[in-house]
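*Asks:*
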Amino acid sequence: MKKLRPLLSIGAIGLCCGLLLAGIHALTAPTIEANRSRHVWQLAYQLVGGQFDPTGLVWQDDQVDLPGDVWLKRSRVQGYAGDIHLLAAFGNGGQLLGARVAEHRETPGLGDFIDVDKSPWMRRFATTPPLEVDAVSGATITSEAVKRGVQRMLEPEAAP
Amino acid sequence: MSGGTFTDAAIRRNPAWIQLLGLCPLLAVSNSLVNATGLALASGFVMVGSALAISTLRAWIPNRVRLPCFVLVIATFTTLSVLLLEAYAFELYLRVALFVQIIVSNCMILGRIEAFASRQPPWRACLDALGTAAGFAIALIGLGGVREALGQGTLLAGMEHLFGPGAAAWRINLGFDSAPFLMALLPPGAFLIAGLLLGLGNGLRNRLSPKPSLRTDFDEHGKTNPDIREAES
């Protein structure tokens, strides 16, 4: 019994911490979800170059059709420090209009250039084929992950 | 005595300027006042919350597994602060989220918990944590203010991300046409300005007190150990 005491204490503290987190998570989840989807629509406005009304638009198989001959795709790729959430816009029968990163956990200062607020790097996907975009030295894994992810959204069958 | 605990933790043993702890988030996030304030609030929340929790639970934490317990509690409060930021200050979350998540490994917090909160009653632990948090906030906001003024030519820009739309009017333009000293915003500027502020602080302290004390030889009550001082003098 005496040997079990440390285990019991740490288990009890862990249980309390878990319950607290679960409670706060349940409380904040709807607000967080709304914030994230608002953020994704704001990135989409940048990609299609204008605002639209996102009410009523539903993601289906990670794709959503916008007014006009434009649609958005989203996907996740494995980055250096967790999933990178990508968003891409297509138009004119399948041409890539641009891509953005909606969420990531890459190293601050080294891998966060994929955030369009920090560096214009993501804008190159609007003009350059994804696999021909230059990688950033010091963050090869991050760069390659984003390039592969965008390529896979562009050509789901052909990409490796 | 209680006032001593607070000012000791905030000023005389300032976590950033005297103990040089938590410098990674300090240098990385302090490029504007709003980012600095956001991280200071999140760190303070984690510091005070986990100090209170540990101090309350200290009788039930076996010595052998105390560190895992501390880390568990600190990680819980860090995750809580991330959730709250993401829900109620999303714009700020997008800018400082990566650094808020690594508060969990901030040695300043684990250090104060191990050295102080785990051996003291909750009210003293709370005072010490508040002092430490205030000290960290002073360092962050001081550095953030200097860097924003030099690098951007503004003060308090973007405070609406933290305090609501009304705070947009707090922005002060210092009257430069363009950014006067862009490097202040970049990582080298962080090191340079932090070093200059540190030197300024040390100089002031040397001027004010005849016997400068750069030591960290405090005991668990947060007081300098008189034996060591006497032995030296």
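Going down the list, the protein sequences come from chains A and B.
The first sequence maps to residues 11 to 170 in the numbering used here.
The second sequence maps to residues 1157 to 1389 in the numbering used here.
Where a beta carbon is used, it is the ideal one built from N, C-alpha and C, also for glycine.
Keep in mind the model is a prediction, meaning the values are calculated, not measured.
With 16 other CB atoms within 10 Å as the buried threshold, where does A/SER147 fall?
*Replies:* The residue is exposed, with fewer than 16 neighbouring Cβ atoms inside 10 Å.
*Asks:* Count the other CB atoms within 10 Å of the CB of A/LYS128; is the residue buried (16 or more) or exposed (fewer)?
*Replies:* Per the 10 Å Cβ criterion, exposed.
*Asks:* Could you pull the start and end residues of the alpha helix (DSSP H) that A/TRP51 belongs to?
*Replies:* Start and end: 15 to 58.
*Asks:* Are any of the Cβ atoms in chain B nearer than 7 Å to that of A/SER147?
*Replies:* It does not: the Cβ of A/SER147 has no partner Cβ on chain B nearer than 7 Å.
*Asks:* On the DSSP letters alone, give me the boundaries of the alpha helix (DSSP H) that A/LEU164 sits inside.
*Replies:* 150 to 164 is the span of the alpha helix (DSSP H), which, as asked, contains A/LEU164.
*Asks:* In this structure, how does DSSP classify B/LEU1266 when only helix, strand and coil are distinguished?
*Replies:* B/LEU1266 falls in the helix class under three-state DSSP.
*Asks:* Within the 7 Å Cβ cut-off, does B/LEU1239 reach chain A?
*Replies:* True, the Cβ-Cβ gap to chain A drops below 7 Å.
*Asks:* In whole angstroms, what is the alpha-carbon distance linking B/LEU1311 and B/GLY1331?
*Replies:* Looking at the two C-alpha atoms, the distance is approximately 11 Å.
*Asks:* Pop quiz: A/ILE20 and B/CYS1225 are said to be a contact at Cβ under 8 Å. What is the actual Cβ separation, rounded to whole angstroms?
*Replies:* With 8 Å as the limit, A/ILE20 and B/CYS1225 qualify as a contact, their Cβ atoms being about 6 Å apart.
*Asks:* When you compare the stretch 58 to 74 of chain A with the stretch 1256 to 1271 of chain B, are there three or more beta-carbon pairs, one atom per stretch, that lie closer than 8 Å?
*Replies:* No, because fewer than three Cβ pairs between the stretch 58 to 74 of chain A and the stretch 1256 to 1271 of chain B fall closer than 8 Å, the two stretches do not touch.
*Asks:* Kindly indicate which three-state DSSP category B/GLU1304 falls into: helix, strand or coil?
*Replies:* Reduced to three states, the DSSP call for B/GLU1304 is helix.
*Asks:* For a test of the three-state rule: what should DSSP assign to B/THR1310, helix, strand or coil?
*Replies:* It is a strand residue.
*Asks:* Kindly list the residues whose CB is nearer than 8 Å to the CB of B/PRO1368, restricted to its own chain and excluding five residues on each side of it in sequence; keep chain order.
*Replies:* Legend: pLDDT at B/PRO1368 = 47, less than 50; position of this residue unreliable, value from coordinates given subsequently. ASN1358, ARG1361 and ASN1362.
*Asks:* Of all the CB atoms in chain B, is at least one closer than 7 Å to the CB of A/GLY108?
*Replies:* No, A/GLY108 does not count as interfacial toward chain B.
*Asks:* Below 7 Å between beta carbons: does that hold for A/GLY24 and B/LEU1176?
*Replies:* Contact flag unset, no.
*Asks:* Are the CB atoms of A/VAL143 and A/ILE124 nearer to each other than 7 Å?
*Replies:* In this structure, A/ILE124 does not lie closer than 7 Å to A/VAL143 by Cβ.
*Asks:* Among A/GLN88, A/ASP71, A/VAL126 and A/TYR90, which one has its Cα closest to the Cα of A/TRP81?
*Replies:* Closest option to A/TRP81, Cα to Cα, is A/ASP71.
*Asks:* Pick out whichever of A/CYS27, A/LYS13 and A/GLY108 has its Cα sitting closest to the Cα of B/PRO1218.
*Replies:* Comparing Cα positions, the closest option is A/LYS13.
*Asks:* Just how far apart, CA to CA, sit A/GLY28 and A/GLY89?
*Replies:* One C-alpha to the other measures close to 28 Å.
*Asks:* Any C-beta of chain B within less than 7 Å: which residues of the stretch 78 to 91 of chain A qualify?
*Replies:* Residues passing the 7 Å Cβ filter: none.
*Asks:* Counting only runs that start and end within the stretch 1166 to 1209 of chain B, where is the alpha helix (DSSP H) found for 4 or more residues in a row?
*Replies:* Complete alpha helix (DSSP H) runs here, min 4: 1179 to 1185.
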